[in-house]
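**Student:** Residue numbers (my numbering): 1449 to 1775.
Questions regarding the structure given below will be posed in turn.
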């Protein structure tokens, strides 16, 4: 009979749609000459939207999520290794950087870069040949997008370390939803003006972050994210998952995310107040009539909060039945 950890891992793989790939597939083999050819051709310089997809190995995913959760409400940062396959950036592995962040920003200083260079040198000695292909960091509780500082960091990386991608993980929303909240992005060149439209699907942004989100929203674009694994990854995944599962099992969404939930409700109340003032102004004729988009966004935000709270309650009831019931 499968253990609770095994069942939880299978559920995690299903919810995040992690596809199993044959171990002999090209995705698991690194061809140095092929990557050199890609570097020489540099097709991304001719088309700012050249890269369309990001494929992340399950091993790298669990590492990044575990690291993001360990930071709590503080942003953490790491580097990803991988390669390019056509218009797809493939992330094979990831490692954390010894970088101290704050609740609003994270940036690698000299110590972080020194660590990265040393790590990349040492890991190649044990057969991990892929180069650094991107960086990841966490946005605890405020969604997956790039702030002004993130945009500047990514632009700098794309200028000197191409090909490079930025990945953002929200550990708080991951705990609440049960599914990894993740986004992958690339910035446009400074002199490039993207066409209107083509933005990512709606996501709830806290009121105090909306301005930062809106100002920089047209300076980058999202890539389609998918996950994969092979049968050979199972043992390593099992070891990584045990650590992740123990942390998950020993915590309750309703308690772990208590502060996040309170902030969500406070933010929703402020948005309702703002929307109510705008509606009253329109009724008085002080403002021209607008669309119902803000009201629809409020409905989506409130639905999301209630659904996440319900999932947390269901999860706690199931844990109680599994581990505390007396036969």
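Yeah, the Cβ is synthetic: ideal placement off N, Cα and C, and Gly gets one too.
Using DSSP with H/G/I as helix, E/B as strand and the rest coil, what is residue 1590?
**Tutor:** It is coil, neither helix nor strand.
**Student:** In its own chain, which residues sit with a C-beta less than 6 Å from the C-beta of residue 1436, not counting the 5 before and 5 after it?
**Tutor:** With the chain represented from 1449 up to 1775, any question about residue 1436 goes unanswered, as that position is not in the structure.
**Student:** In chain order, what residues of the same chain have a beta carbon less than 8 Å from the beta carbon of residue 1676, not counting five sequence neighbours either side?
**Tutor:** Hits under 8 Å: 1466, 1467, 1468, 1469, 1475, 1503, 1504, 1505 and 1506.
**Student:** When the Cα atoms are used, what is the spatial distance from residue 1627 to residue 1592?
**Tutor:** Answer to the nearest angstrom: the Cα atoms are 13 Å apart.
**Student:** Residue 1598 by DSSP, collapsed to three states: which one?
**Tutor:** Helix.
**Student:** Between the C-alpha atoms of residue 1640 and residue 1494, what's the straight-line distance to the nearest angstrom?
**Tutor:** So the alpha carbons of these two residues sit roughly 12 Å apart.
**Student:** Since residue 1614 is in the beta strand (DSSP E), which residue starts that stretch and which ends it?
**Tutor:** Per DSSP, residue 1614 belongs to the beta strand (DSSP E) from 1613-1617.
**Student:** May I ask you to report which of helix, strand or coil DSSP gives residue 1627?
**Tutor:** Coil at residue 1627, not helix or strand.
**Student:** Run through DSSP, which three-state label would residue 1646 get?
**Tutor:** Because residue 1646 carries a pLDDT of 48, less than 50, the predicted location of this residue cannot be relied on, and the following value inherits that uncertainty. Coil at residue 1646, not helix or strand.
**Student:** Give the DSSP bridge partners of residue 1430, in chain order.
**Tutor:** Residue 1430 falls outside the range modelled here, since the chain spans only 1449 to 1775, and no answer is possible.
**Student:** CB-CB under 7 Å to residue 1711, same chain, minus the five flanking residues each way: which ones, in chain order?
**Tutor:** Excluding sequence neighbours, residue 1711 sits near 1589.
**Student:** Can you name, in chain order, every residue of its own chain whose Cβ lies under 7 Å from the Cβ of residue 1568, other than the five neighbours on each side?
**Tutor:** Excluding positions up to five away in sequence, the list reads 1580.
**Student:** Return the first residue and the last residue of the alpha helix (DSSP H) that residue 1484 is part of.
**Tutor:** Looking at the DSSP string, the run of the alpha helix (DSSP H) that includes residue 1484 is 1480-1489.
**Student:** Please check if any C-beta of chain B sits within less than 7 Å of the C-beta of residue 1676.
**Tutor:** Protein chains in the displayed structure number just one, and chain B is not present.
**Student:** Do residue 1688 and residue 1510 have their C-beta atoms within less than 7 Å of each other?
**Tutor:** Taking 7 Å as the Cβ cut-off, residue 1688 and residue 1510 qualify as a contacting pair.
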